[in-house]
Amino acid sequence: MLSADLHIHTSCSGDGESQVSEVLAAARAAGLDVIAITDHDTTEGCVIAAGLPAGDILVIPGVEVTTMQGHLLILGASGPIPKGLDVLETIALAHSLGGIAILPHPFHRYRH
């Protein structure tokens, strides 16, 4: 079984404090096999990660998109996902771009 963290923020979105290189180092130290960088409404952290050596860690590009109804993690989409769309429209767009959608905060009614 693989160890994974699919909801990681970096300093690129203001919701995390660590630089992308620090996130990769922490993932290695924690023994993770897979991570997804999911900054809020930006893929800047993913772009930075693509240019850094990840070693044995699989880095999945992602984003935590702000929809009209709350937040939604999008992993592996081949193109941009704009913020502010209806959640169902966002999911359909993610799927059309080969991505998957995950509800990041299922027990927070107003955060999703």
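Per this note's numbering, the sequence shown starts with residue 36, numbered consecutively.
Where a beta carbon is used, it is the ideal one built from N, C-alpha and C, also for glycine.
| Under 8 Å between C-beta atoms of Glu99 and Leu87 | no
| task | Below 8 Å on the Cβ atoms is my guess for Ser53 versus Ala62; work out the distance and round it to an integer in Å. | result | Actually they are not in contact, since the Cβ atoms of Ser53 and Ala62 sit about 10 Å apart, beyond 8 Å.
| query | So Glu124 is in the alpha helix (DSSP H); what residue range does that whole segment cover? | reply | 122-131
| Are Ala71 and Ile92 close, meaning C-beta to C-beta below 8 Å? | no
| Taking buried to mean at least 16 other C-beta atoms within 10 Å of its own C-beta, is Val82 buried or exposed? | exposed
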